[in-house]
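Counting from 1, position 6 in the sequence shown corresponds to residue 6 in UniProt numbering; the numbering is continuous, with no gaps. Backbone N, C-alpha and C define an ideal beta-carbon position, used for all residues, glycine too.
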Amino acid sequence: MAFRNLARNLFQFAKITNINQRLYSTIQRKPFRISEIAQRHVPIRTFSAVQTNDNAYRDLETFLQKEVQLEKSAQKHPTQLPTISNFQVQTSGPEVTLTREIGTGKVTVKFNVTNTVNATDTEQEADLNATGQEKPADDSPTHLKSRPTFTVDLNRGGQTLSFLCSYLPNDYPDSREHAATQDSDPKHGHQEHIYEDFQIDEFTIHDGEWNETVYSSDCSVIDGDLYDKLLNLLEEHGIGEEFANQLVDFSTAYEHRQYIGLLEKLHQFAKQ
1 MAFRNLARNL
11 FQFAKITNIN
21 QRLYSTIQRK
31 PFRISEIAQR
41 HVPIRTFSAV
51 QTNDNAYRDL
61 ETFLQKEVQL
71 EKSAQKHPTQ
81 LPTISNFQVQ
91 TSGPEVTLTR
101 EIGTGKVTVK
111 FNVTNTVNAT
121 DTEQEADLNA
131 TGQEKPADDS
141 PTHLKSRPTF
151 TVDLNRGGQT
161 LSFLCSYLPN
171 DYPDSREHAA
181 TQDSDPKHGH
191 QEHIYEDFQI
201 DEFTIHDGEW
211 NETVYSSDCS
221 VIDGDLYDKL
231 LNLLEEHGIG
241 EEFANQLVDF
251 STAYEHRQYI
261 GLLEKLHQFA
271 KQ
């Protein structure tokens, strides 16, 4: 346990502001501002509307043809997704369900990869650029990660103990460990390994299916010893630090695959 002891007694963590921008994409967003003159004198374009739309679709199609190839070349797992030890994986669109049997009980983990890409490292690089500082030459390139909120259901004796969990910020103390080993490529030098861990946000227990009438408790206000025991219970069911890291690897690869699929659909739409 690299830093579980530090995580157990703290329950409130700052939310990370996500920047929906992909480093492996050539798409750039620039602010567009209409001048006061344009606002007062908007020309009526009657006959050029169809031609303009055709040109826009053709432009989009040409761009996406190259963009899809760039995204595919950036995939770390183009053919087979990373595995999550001891769990069966089922996917449906952006939704993922993990299941495993333990004795007479069942563990079910669910999450959705939509809007889960973490851009904290991107913000740090933006701050360096704003202050005129350069990123050290031996730093490894930034890789965006999908770090979804997930639920865990422990079924036992007809009842379900449910947890809502989220990942700790990457800048949380001791979440970064500098490795002393050298990369096989000398130009990369020493690399920084980031270990993922999570916190329990809420928990509840219910019969049958959960509904809004079931009470749940916020873990920021419960006893610290109780919180420790809930973490231990999850770890005994395979939901620990190793699981947290494997889930991030899987979710990142699967989210990227979903994003590429969205671009391909957009390309086909523009191509019609």
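{"Query": "Test item: CB-CB of lysine 110 and threonine 97 under 8 Å", "Result": "yes"}
{"Query": "Contacts around threonine 26, its chain only, beta-carbon distance under 7 Å, and the 5 residues preceding and following it disregarded", "Result": "Summary for threonine 26: the model assigns pLDDT 41, below 50, so the residue's position carries little reliability; its value from the coordinates is reported in the next sentence. Only Glu67, Leu70 meet the Cβ criterion."}
{"Query": "Distance CB(alanine 117)-CB(glutamate 255) smaller than 8 Å", "Result": "Reading the sequence as shown, one finds valine at residue 117 and not alanine. Contact flag set, yes."}
{"Query": "Whole-Å CB distance - glutamate 202 paired with cysteine 219, under 8 Å assumed", "Result": "6 Å"}
{"Query": "Span separating the alpha-carbon of glycine 105 from that of glycine 157", "Result": "8 Å"}
{"Query": "Stretch pair the segment 77-96 + the segment 224-237: three plus CB contacts closer than 8 Å", "Result": "no"}
{"Query": "Extent of the continuous alpha helix (DSSP H) to which tyrosine 227 belongs", "Result": "224-236"}
{"Query": "Local conformation of leucine 168 per DSSP, three classes", "Result": "coil"}
{"Query": "Rounded C-alpha distance that separates aspartate 207 from serine 162", "Result": "11 Å"}
{"Query": "Unbroken alpha helix (DSSP H) run spanning isoleucine 84, endpoints", "Result": "Per DSSP, isoleucine 84 belongs to no alpha helix (DSSP H) and is neither H nor E."}
{"Query": "Cut-off 6 Å between Cβ atoms - residues of its own chain near threonine 252, not counting five sequence neighbours on either side", "Result": "Lys145, Ser146"}
{"Query": "Residue(s) in a DSSP beta bridge with leucine 263", "Result": "DSSP, once it has assigned bridges, lists no residue as partnering leucine 263."}
{"Query": "From Asn155, Gln258, Tyr215, Gln268, residue whose alpha carbon lies closest to that of asparagine 115", "Result": "Gln258"}
{"Query": "Where the beta strand (DSSP E) containing isoleucine 200 begins and where it ends", "Result": "198-207"}
{"Query": "Euclidean distance between Cα positions of isoleucine 200 and leucine 60", "Result": "43 Å"}
{"Query": "Rounded Cβ spacing between proline 148 and valine 113 (contact assumed at less than 8 Å)", "Result": "6 Å"}
{"Query": "Contact check, alanine 270 vs leucine 64, beta carbons under 8 Å", "Result": "yes"}
{"Query": "Rounded C-alpha distance that separates valine 56 from histidine 267", "Result": "The identity of residue 56 in the sequence shown is alanine, whereas the question assumes valine. Rounded to the nearest angstrom, the two C-alpha atoms are 12 Å apart."}
{"Query": "Proximity winner among Gln75, Thr151, Leu262, relative to serine 216 (alpha-carbon distances)", "Result": "Thr151"}
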